[in-house]
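There are 2 protein chains.
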Amino acid sequence: TPSERGGHSSTQSSHRLLAYSDALISIIATVMILPVAHTKVQDNEELKESLQVLLTTKIAVYLMTFLIVTVAWASHIRLFQVIERIDDCLALMNLACMMLITFLPYTFSLMATFPENILGIVLFCACDMVLGLIQALIVVYGFSRPFLLNDQIQVSENQVFYKHHILKVIMRVPIMCFFASIFSLIFFQLSYVILAIVIFLPYISQSLKWCRGKAIGQVEETPDSMLFYTYQLNEPLSKERVEAFSDGVFAIVATLLILDICEDNVPDPATVKEQYSGSLVAALQVYGPEYLAYFGSFTTVGLLWFVHHSLFLHVIKATRFMGLLNTFSLAFVGGLPLAYQLTHEFPRNSRNELEAIQISCVIIFFAGFFQLAIWVAALFCERETLHPYVRYGGREHTFMLAKLSLYPCVALGAFFSTCFLSKFSASIFHLMEITVPFAFLLLRLLVRGGLALLRLMFCPDR
Amino acid sequence: TPSERGGHSSTQSSHRLLAYSDALISIIATVMILPVAHTKVQDNEELKESLQVLLTTKIAVYLMTFLIVTVAWASHIRLFQVIERIDDCLALMNLACMMLITFLPYTFSLMATFPENILGIVLFCACDMVLGLIQALIVVYGFSRPFLLNDQIQVSENQVFYKHHILKVIMRVPIMCFFASIFSLIFFQLSYVILAIVIFLPYISQSLKWCRGKAIGQVEETPDSMLFYTYQLNEPLSKERVEAFSDGVFAIVATLLILDICEDNVPDPATVKEQYSGSLVAALQVYGPEYLAYFGSFTTVGLLWFVHHSLFLHVIKATRFMGLLNTFSLAFVGGLPLAYQLTHEFPRNSRNELEAIQISCVIIFFAGFFQLAIWVAALFCERETLHPYVRYGGREHTFMLAKLSLYPCVALGAFFSTCFLSKFSASIFHLMEITVPFAFLLLRLLVRGGLALLRLMFCPDR
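Protein chains in written order, with this note's numbering: chain B, 1 to 462; chain P, 1001 to 1462.
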C-alpha cells in the first residue's frame, strides 16, 4: 500500500542503481577487448599466422568473457525485476555483487591462461558461488520486507511459493559451481563441462522443453508460477536496461579509440626536435592514417548506435531472444577497437592491410546483421513488440528496413571490393566509413523515390 | 500542439540521446587519468622529486582536460534544455558534436606538450569553432521546426528573440576562438589568455554582475529573456543528466582499476614454469598487494557512488552551482586510479609508500568534501532544492550529514595516522578502505543512539 511504502523513508526507487550497474557491467564486458587489441602483430610475418594464434586464444577469451558477463547481467536483470525498490542495505549488497562481477573477467583469464591449473577454476567458481549467495541473500532480504517487491508479487497470495521458486533457480548456479570446484581436485576436465552447462543452462533447458513440447504436444505452463525466472525466449526483458547496457558498450568503444590516440600519438618534444627539426606538422603527418582511422571508426560506432537507437525507439516490449541477439551484436561492436588497431598498423598495399580491412568488414557486417536480426525477431510477434508505424504496411516499415540493412550492405560491398580491387587501401576504407552518414541522410529520399517508382510500375492506378 | 507533433512520426524523445552523450562525455573526461596513472615512477628515486614533475604537468593537464570537457558538457545540457525533442537529422548532428568533444582532449594534450608551437592552439581552436558552429546549426534547425523546442518557448510569442539571444551566447565561443587562432600567428601568449577567458567566461561574467549588483544595488533581470543561457549560479540544471554523468565517471573509474589487473597481473606461463617451478599460487602471491589495493579502491569508488546516490535521491532540483561542486568532486574521483597505482607500487615501509597513502587520502578527502559541499549549498535554498526529510529538522537530516561526512573524516584520520604511526602501511590503508562499508551499515544505529543520548542529556522531558 502506498501509505505503508511512504512510511519507509529509506525506501528508494531502484532506477539509478540499475543504471549504474548497467554502465559498470557494459564497460567491464567491453574493455576486455583491450588486451586483444594491444597484442603487437609483427609487420614482417604474415598476418594469417599471427592471426591464428590471436583467433584461437585471445579473441575466444574476449568473446567468452563477454558472454559470461552478459549472463551475470541477465541474472541481475531477473533479480531486480522481482525487487523493484531498494534501501541502503540492498544498495550495498548490490555494490558487492558489482565488485565480484568486475572480478570475474580476471579469474576467467587466469583460467584461460593456465587451463590445466586448478587455481583458475577454483577462483572462478568461488566468485560465482559468492555472487549466487549474495543474490540469494538479496532475495531473502527482499521477501522479508515485502514493500520492496514487485507490485504483482506484493499482492499475490503465494509469496512463499515465489520465494522458493526464485531461490531454487538462483541457487542452481552456486551449487553447480561447488561441484565443479570439487571435481577440479579429481578430474578437472569435468569441471569445464559443468561450467559450460552453468552458462548455457537456460538455453539447454529451453531447447529441451521445446523438443519435449514438439514430441508430446504443447504443454502449457501454469502462468502464475512462471511469471519470473522462466528462461523462456519470449519472457519480457526490461527495454530500459537493454538500452542502458547498449549505450555503455557503444560509449566505451568510442572512448577506447581516442584513448589510444591520446596515449600513443602525442610525439615526444625531444624526438620532434631531433628527427623533424622542430616541425610539429611534419611529426604529426606520420600519424595521418591513425587520425583517418579514428574518424572512420568513430563514425561507424556512432552510426551503429544511431541505428540501434532508431530500432529501439519503435520497440514497445523487448523479449529475451531479442536481448540475446542484441548481446551478439554488441560483442561484435566491442571488437571494433581491434579492427581500428589492425587497419592502421600495416604498411600500405601489403596483403596484411587487405586482410585487416576484411576482418573489419566481417566485424561491422555481423554487428549490423544481428541488429537486423533483432528487427526480424521482433516482426515475428509484431503486435506485442513493435510500434504500429514499423509493422508490415506501416509507413516507416520500408525506411526502417533500409536503415538496418545499410551497414551489412556497406560491409559486404567493402569486403568484395578488397577481393576484386587490388588498389583498395585502408585510407579508402576509412574515407568510405566517413561518407556513410550522408548515405543515412539521403536514405529517406532514396526510399521514398524507390517506393514511388515501384508504385508507379506495379499499381499506376493508385 | 499534440496533433501536429503526432504527425511527425520521425520526432523522438531525446532521453536516450542525452544518456548516450552523458556516458560518452563522462568517460572521455575520466580516461584522461590513464596517461597520468601509467607514468612509471622509479623506485630508487624519491617520490617527491618525480612527483613534482608529475604534479606540474600531467595532473594539471588532466584537471584542465576534465574542466574543458565538463564545460563542453554544460553547453550541451543548455542546448538540449532548449531543444527537447529530436529527429534523425539532429541525432546525426549531435554525433558530430560528440566526435569533436572526444577529440578535444587530444588537441589539448598537444597544446600542453608543445606550448610554444601554434599548431596545438590552432587545432584546439578549430575544434571549438566547428563545435560552436554545429551547435548554432542545431539551434537554427530546431527553431525552424518549432515542435522540437521546449514547450515554454513553443508557446512563447517572442520566439525570434529567444533564437537571437541563444545564438548570440553560443557564437561567443567560436568567435573568441577565431581571434585566439589569429593572435597565435602574431603573439601566441595572448591566445592562451583568450582561451582561458572562453573557459571561465560564465564565472567571470557572473562575478562581475554580482559585484555590479552589490555596488549599484540589485538590478533585477527581466525574467522572460533570462530563462535560458543565463549562467546564473541558481539556474536550474537537469538533475537526471548530472546523475547520468556522475554514474559514467564512477563506472569508468571502477573499471580502470580492474583493467590494470587484467592487463598486468596475469603471469606468463613460461615465467611461472621457470621462476616458480610451475606453482601458480606462488606466482600470484607476488600480486597480493595489488589485489588488496583493487578491493580497497573499488570499495571506495562504490561507496562514494553510494553517498552521491543517497544525496541526489533527496535533491529535488539541482542548480548550476551544485553542478560545479559536483564536477570538482568527480575530478577527484577520477584521480583514484592514480592513487591505486601509487599505493601498490612502492616497497613496504619506505617513505614513498607513506607519501602515496597521503596522496590517496587527499584525493578521497576532496572527493568526499565536495559532496558535502553540494549538500551545504543545497541547504542554503533548501525549500527549492531538498526533500523535506533532509531539511533542517527533517528526520533524515542528521543521518545524511553523518553519511556525507564519513569519508572526509576517514580520509583525515588516515592522513594523520601516516604522520604519527610509522608502522602504518598500504596494506593497513586498504584493509581500512574495505571495512568502511560496515561503518555505513552501523551508521544508522550510531546516529540514532547519538541523537537519543543528546536528547536525553539536553531535553529529558520529550
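Ideal Cβ positions, reconstructed from N, Cα and C, are used throughout, including at glycine. Note that the structure is a prediction, hence the values are computed from the model and not measured.
Query: Coarse secondary structure for B/Arg16, derived from DSSP in three states; Result: helix
Query: As assigned by DSSP and simplified to three states, the class of P/Arg1145; Result: coil
Query: Cα-Cα separation, B/Ile364 to B/Leu443; Result: 19 Å
Query: For P/Glu1004, the three-state DSSP class (helix, strand or coil); Result: Its pLDDT being 40, under 50, P/Glu1004 is placed unreliably in this model, and the value from its coordinates should be taken loosely. It is helical.
Query: C-alpha distance - B/Ile186 paired with P/Asp1022, whole-angstrom precision; Result: 50 Å
Query: C-alpha gap between P/Thr1319 and P/Glu1157, whole angstroms; Result: 27 Å
Query: Chain P contact residues for B/Gln12, given Cβ-Cβ distances below 7 Å; Result: Leu1313
Query: Reduced DSSP category for B/Ile83 - H, G, I as helix; E, B as strand; rest coil; Result: strand
Query: P/Arg1078: contacting residues in chain B (beta-carbon distance under 7 Å); Result: Chain B residues near P/Arg1078: none, gap ~21 Å exceeds 7 Å.
Query: Within-8 Å CB hit, B/Pro105 to chain P; Result: yes
Query: Min CB distance P/Ala1411 to chain B below 8 Å; Result: no
Query: C-alpha distance - P/Ala1244 paired with P/Thr1271, whole-angstrom precision; Result: 44 Å
Query: Best match in P/Val1307, P/Arg1448, P/Phe1366, P/Leu1441 for proximity to P/Arg1523 [C-alpha to C-alpha]; Result: Shown here, chain P extends from 1001 to 1462; a query on residue 1523 of chain P therefore has no answer.
Query: Residues bridged to P/Ala1318 [DSSP beta-bridge criterion]; Result: P/Leu1237
Query: Segment contact, 8 Å Cβ cut-off, at least three pairs: the segment 1340-1355 of chain P with the segment 1366-1382 of chain P; Result: no
Query: Neighbouring residues, chain B, relative to P/His1309 (Cβ below 9 Å); Result: Gln12, Arg16, Leu17, Tyr20, Ala91
Query: N- and C-terminal bounds of the alpha helix (DSSP H) containing P/Asn1094; Result: 1088-1113
Query: Contact belief for P/Thr1464 with P/Leu1024 at Cβ below 8 Å, rounded distance in angstroms; Result: One cannot answer for residue 1464 of chain P here, as it falls past the ends of chain P, which runs 1001 to 1462.
Query: C-alpha distance - P/Leu1372 paired with P/Leu1454, whole-angstrom precision; Result: 23 Å
Query: Alpha-carbon spacing of P/Phe1161 relative to P/Gly1142, whole angstroms; Result: 14 Å
Query: DSSP three-state assignment for B/Leu386, whether helix, strand or coil; Result: strand
Query: Closest Cα partner of B/Phe152 within the set B/Ile83, B/Lys273, B/Thr299; Result: Sequence check: residue 152 of chain B is Gln here, not Phe. Among B/Ile83, B/Lys273, B/Thr299, the Cα nearest to that of B/Gln152 is on B/Ile83.
Query: Proximal residues of chain P, C-beta to C-beta of B/Trp305 below 8 Å; Result: Tyr1020, Leu1095
Query: Chain B contact residues for P/Ile1252, given Cβ-Cβ distances below 7 Å; Result: Ile27
Query: Contact residues within the segment 253-270 of chain B, judged by C-beta distance below 7 Å to chain P; Result: Ala254, Thr255, Ile258, Leu259, Ile261, Cys262, Glu263, Val266, Pro269
Query: B/Pro267 in three-state terms, based on DSSP; Result: coil
Query: Short CB-CB distance (under 8 Å) between B/Thr398 and chain D; Result: The structure shown contains no chain D; its protein chains are B and P.
Query: Identity of the residue in B/Ser310, B/Ala19, B/Ile261, B/Phe420 nearest B/Ala402 by Cα; Result: B/Ser310
Query: Test item: CB-CB of P/Gly1368 and P/Tyr1392 under 8 Å; Result: no
Query: Close Cβ partners of P/Phe1312 (< 6 Å) along its chain, the five nearest in sequence each way excluded; Result: Glu1243
Query: Span of the alpha helix (DSSP H) around B/Ile166; Result: 159-186
Query: Secondary structure of B/Cys470, DSSP reduced to three states; Result: Within the shown structure, residues of chain B are numbered from 1 to 462, placing residue 470 of chain B beyond reach of any answer.
Query: Cβ shell of B/Ala282 (< 7 Å), same chain only, five flanking positions each side left out; Result: Tyr276
Query: Close-in-space but distant-in-sequence residues of the same chain around B/Gly296 (CB under 6 Å, 5 per side omitted); Result: His430, Glu433, Ile434
Query: Where P/Val1307 falls: helix, strand or coil (DSSP); Result: helix
Query: Residue environment, P/Met1099, which counts as buried when at least 16 other CB atoms sit within 10 Å; Result: buried
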